[in-house]
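Novice: Okay, handing you the structure first.
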Ligand code: UDP
Ligand code: MG
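Residue numbers (this note's numbering): 18 to 365.
Below, the structure written as structure tokens:
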């Protein structure tokens with residue numbers, strides 16, 4: 018059998034999805050200022066979820082190698098209505114790796130991903146959970162309701178990116194879906210089974226299928242600090258997403274090659290025509306140089322595209338861990354005694 022089943026993996030009663038509880042995964046990178054405020058809001062959220070659905074919650078903070086006091090703040094957080102796990106990575110591995118670490122450490126059934134900067138309102142989580150428990154959806158993802166406040170250039174970039182990535186793909190990745198999403202136990206189990214190292218969560222969460230639903234929302238302003246995703250990092254993430262989800266760039270390379278060859282053929286014909294019929298001798302330096310430069314440039318770009326994929330193969334083959342955990346602690350609501358074990362454990 019080449020497929021994989023997850024209904025048995027998710028372990029448990031599908032009729033009572035709430036029974037396995039909910040893990041809230043929050044990657045934090047230099048968020049010391051707003052962290053305890055966020056934690057209070059999450060505690061309030063957990064309290065109301067417990068009341069309404071009998072849902073047991075835990076929060077998993079992934080400290081992604083913060084250089085401010087984030088880890089100290091996180092260590093001091095009190096488990097109030099929800100268990101608190103603090104996983105500190107050995108350095109800054111990036112948000113996708115932090116999400117992966119969160120998914121690995123989540124002990125409950127369902128998993129919710131949200132940012133640690135207050136942009137993803139805990140109050141909206143009620144709605145996401147309701148889509149899961151009341152309506153039976155497996156992947157509840159959120160999308161920015163409007164992008165009016167973004168520059169035209171950025172919107173153009175986003176449009177191009179999704180057109181490219183979805184080109185010829187059976188399962189379309191929804192445009193402007195964010196990382197704020199809820200996965201049912203079986204969807205989380207499916208996501209855990211994916212073997213690749215280069216993770217592009219938005220794409221993968223859509224790729225796994227199951228019943229998916231979109232929720233539009235207005236992201237709040239960042240509670241403090243500035244975004245860590247500047248133009249350069251976004252470009253990197255886009256290339257990462259593109260090359261792990263589509264062969265469109267490779268196809269474009271082949272098409273462009275064909276097109277160039279065809280144009281060259283026509284050009285050749287026209288030269289023949291000129292020499293034989295019109296009897297012209299061709300001085301032709303400019304056209305020669307332009308032709309050479311065009312072909313050279315296109316070839317370099319296409320070699321780069323192929324290189325991206327080879328780089329991807331290399332990093333899959335090296336099979337390095339995606340992150341290292343430097344410190345891990347769990348504090349439960351019931352036993353407030355902290356289990357602190359600062360150890361250097363490698364993630365599987
Ligand atoms: N983040 C992270 N590692 C990083 C960069 C960011 O864990 O290397 C976290 C960050 O703390 C925040 C979330 O990822 O909780 C989103 O980051 P940010 O707000 O900078 O991105 P944006 O909201 O602009 O997409
Ligand atoms: Mg943000």
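Idealized CB from N, CA, C, for every residue including glycine. Predicted model, so just to flag it, every value in this text is computed and none were measured.
In its own chain, which residues sit with a C-beta less than 6 Å from the C-beta of residue 360, not counting the 5 before and 5 after it?
Specialist: At residue 360, the pLDDT of 42 sits below 50, so the modelled position is not reliable and the matter cannot be decided from this model.
Novice: Give me the Cα-Cα distance between residue 269 and residue 275, rounded to the nearest whole angstrom.
Specialist: Their Cα atoms are separated by approximately 10 Å.
Novice: Need the endpoints of the alpha helix (DSSP H) that residue 57 sits in, please.
Specialist: From DSSP, the alpha helix (DSSP H) with residue 57 extends over 49-70.
Novice: Measuring from the CB of residue 69, is there a heavy atom of ligand 2 at a distance below 6 Å?
Specialist: Answer for residue 69: no, Cβ out of range of ligand 2.
Novice: Given 8 Å as the limit, is there contact between the region 114-121 and the region 338-353, that is, 3 or more CB pairs closer than that?
Specialist: They touch, by the three-pair rule.
Novice: Quick check: is any heavy atom of ligand 2 less than 6 Å from the C-beta of residue 132?
Specialist: Yes, the Cβ of residue 132 comes within 6 Å of a heavy atom of ligand 2.
Novice: Counting along the chain, where does the beta strand (DSSP E) carrying residue 198 start and finish?
Specialist: Taken as a continuous stretch (DSSP letters only), the beta strand (DSSP E) holding residue 198 covers 194-200.
Novice: Go ahead and pull the three-state DSSP assignment for residue 21.
Specialist: Coil.
Novice: Taking 6 Å as the cut-off, does the CB of residue 163 come closer than this to any heavy atom belonging to ligand 1?
Specialist: Incorrect: residue 163 has no Cβ contact closer than 6 Å to ligand 1.
Novice: Going by beta-carbon coordinates alone, are residue 325 and residue 245 separated by less than 7 Å?
Specialist: Not in contact: residue 325 and residue 245 (Cβ atoms no closer than 7 Å).
Novice: Have a look at 203, 136 and 103 and flag the residue whose alpha-carbon is nearest the alpha-carbon of residue 161.
Specialist: Answer by Cα proximity: 136.
Novice: Could you pull out every unbroken alpha helix (DSSP H) segment of at least 4 residues lying fully inside the region 80-129, listed in chain order?
Specialist: As far as the region 80-129 is concerned, its whole alpha helix (DSSP H) runs of at least 4 residues are 87-92 and 112-122.
Novice: DSSP state of residue 148, grouped into three classes?
Specialist: Helix at residue 148.
Novice: Between the C-alpha atoms of residue 13 and residue 177, what's the straight-line distance to the nearest angstrom?
Specialist: Beyond the ends of the chain as shown, which are 18 and 365, falls residue 13; an answer cannot be given.
Novice: Looking at C-alpha atoms only, which residue of 204, 181 and 170 is the closest neighbour of residue 248?
Specialist: Looking at the Cα atoms, 170 is the closest of the given residues.
Novice: If you reduce the DSSP assignment to three classes, tell me which class residue 168 lands in.
Specialist: The answer is coil: DSSP assigns residue 168 none of H, G, I, E or B.
Novice: Looking at residue 156: is its Cβ nearer than 7 Å to the Cβ of residue 200?
Specialist: Cβ atoms of residue 156 and residue 200: closer than 7 Å.
Novice: Would you identify the three-state DSSP class for residue 158, choosing helix, strand or coil?
Specialist: Strand.
Novice: Would you call the region 87-94 and the region 65-74 in contact, with 3 or more CB pairs under 8 Å?
Specialist: Touching, no, given that fewer than three Cβ pairs across the two stretches are closer than 8 Å.
Novice: Does residue 36 come out as helix, strand or coil in the three-state DSSP assignment?
Specialist: Helix, per DSSP.
Novice: Output the distance between the C-alpha atoms of residue 212 and residue 332, rounded to the nearest integer angstrom.
Specialist: Distance between the alpha carbons of residue 212 and residue 332 is about 13 Å.
Novice: Ligand 1 and residue 219: does the residue's C-beta get closer than 6 Å to at least one heavy atom of that ligand?
Specialist: Because no heavy atom of ligand 1 lies under 6 Å away, the Cβ of residue 219 does not count as near it: no.
Novice: Who are the near neighbours of residue 255 in its chain, counting only those whose CB is closer than 7 Å to its CB and skipping five residues on each side?
Specialist: Excluding sequence neighbours, residue 255 sits near 178.
Novice: Any heavy atom of ligand 2 closer than 6 Å to the CB of residue 239?
Specialist: Yes - ligand 2 has a heavy atom lying nearer than 6 Å to the Cβ of residue 239.
Novice: Please work out which residues of its chain come closer than 6 Å, Cβ to Cβ, to residue 119, disregarding the five sequence neighbours upstream and downstream, and give them in chain order.
Specialist: Cβ neighbours of residue 119 beyond the five flanking positions: 42, 77 and 79.
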